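Student:
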Amino acid sequence: IAETTVRQVKCMLPYGGGNQKPDVTYTEGESWARRSMLRDETYCQNPIQHAKEVVRYQAGNCAEHANVSYALLAGRQLNAPLLRASDGDDDHAYVLIGDPRDPYWGERDTVVVDAWVTHPSAFTLAEADDLHPNMTPFQRSRYSPPDPDANLRNVRHVTTEEVNQYLSEYSRPEVGPALLDYIDQYVDTNKFFNTKTSADDPSTRYGDSSFTSKAMDRIAESTVDRQREARYEWNNSPYSW
1 IAETTVRQVK CMLPYGGGNQ KPDVTYTEGE SWARRSMLRD ETYCQNPIQH AKEVVRYQAG
61 NCAEHANVSY ALLAGRQLNA PLLRASDGDD DHAYVLIGDP RDPYWGERDT VVVDAWVTHP
121 SAFTLAEADD LHPNMTPFQR SRYSPPDPDA NLRNVRHVTT EEVNQYLSEY SRPEVGPALL
181 DYIDQYVDTN KFFNTKTSAD DPSTRYGDSS FTSKAMDRIA ESTVDRQREA RYEWNNSPYS
241 W
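If you use UniProt numbering, the sequence shown closes out at 241, no skipped numbers anywhere.
(1) Pull up the DSSP beta-bridge partners for residue 193, would you.
(2) Please report the straight-line C-alpha distance between residue 162 and residue 154, rounded to a whole angstrom.
(3) Evaluate residue 113 with the Cβ neighbour count: other Cβ atoms within 10 Å of its Cβ, from every protein chain shown; 16 or more gives buried, anything less gives exposed.
(4) Return the residue from the list 45, 156, 63 and 107 that minimises the CA-CA distance to residue 129.
(5) With a threshold of 6 Å on Cβ separation, who are the neighbours of residue 244 within its own chain once the five nearest residues in sequence on each side are excluded?
(6) Measuring CB atoms only, is the segment 168-184 touching the segment 23-38, in the sense that at least three cross pairs come out at less than 8 Å?
(7) Please give me, in chain order, every unbroken run of the beta strand (DSSP E) with length at least 3 that falls completely inside the segment 117-145.
(8) Could you give the distance in angstroms between the alpha-carbon of residue 5 and the alpha-carbon of residue 166?
(9) Taking DSSP as the reference, what is the three-state secondary structure of residue 97?
(10) Taking the alpha carbon of residue 73 as the reference point, which residue from 196, 118 and 51 has its own alpha carbon closest?
(11) Quick check: what's the CA-CA separation for residue 76 versus residue 82?
(12) In this structure, does DSSP put residue 69 in helix, strand or coil?
(13) Since I believe residue 18 is in contact with residue 59 (beta carbons under 8 Å), could you give me their beta-carbon distance rounded to a whole number of angstroms?
(14) Between which two residues does the alpha helix (DSSP H) harbouring residue 82 extend?
(15) According to DSSP, which residues form a beta bridge with residue 112?
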């Protein structure tokens, strides 16, 4: 379920992370612009309601990716708790299937869903790379019925023309090399990241009585070509970030 959710989020937010260096470079600033436009023009604390807006803009930071993940999972009945978490040590957000506070699940049986990283994988909290989740009020108990509001279909997407109009209202260049120059000069790129995974060892195998899988492989296959191109553009860009 976690793997499927991550793949869905990657497809629904094709411009990627608004603060992931390879995504910003590869989209010529459009992932950053869409994230900025989303945050300027919308506000909603409820992750399910916010997820619909995120899908409209097709990009976002970790919080936006987490909200879309949460909404997709809330749209189905799970045999585990569902938690929208923020990290206690880092400025990071993600979703948990299971509950590390409950001994029945613990860290070993709680799965992290983090679609914001460029090479995501399904992994347990015990195998995470130094994650310390704080639970937000947005939680669903085991076997909760699907939330009828968690419907992310038939969403009208914001166009690049609309993004350029938004940029022009703030006297910023259109999407393209000039926007990247603007970002390099005027945006705090110290808040940009190059985060491939949140797993300590993304090749860890997980198994139960019905299957064994190498979690990273099935997800990475659908994104590796795009990320290879994105990293090529970033590595060959003139920018120091």
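Glycine residues also receive a C-beta, built at the ideal position from the N, C-alpha and C atoms. Treat the numbers as computed from the prediction; the structure is a model and nothing was measured.
Tutor: Short version:
(1) 20
(2) 19 Å
(3) buried
(4) 107
(5) A query on residue 244 cannot be resolved here, the shown segment of the chain reaching from 1 to 241 and no further.
(6) yes
(7) 133-140
(8) 31 Å
(9) strand
(10) 51
(11) 11 Å
(12) helix
(13) 5 Å
(14) Element bounds for residue 82: not the alpha helix (DSSP H) but the beta strand (DSSP E), 82-87.
(15) 96 and 123
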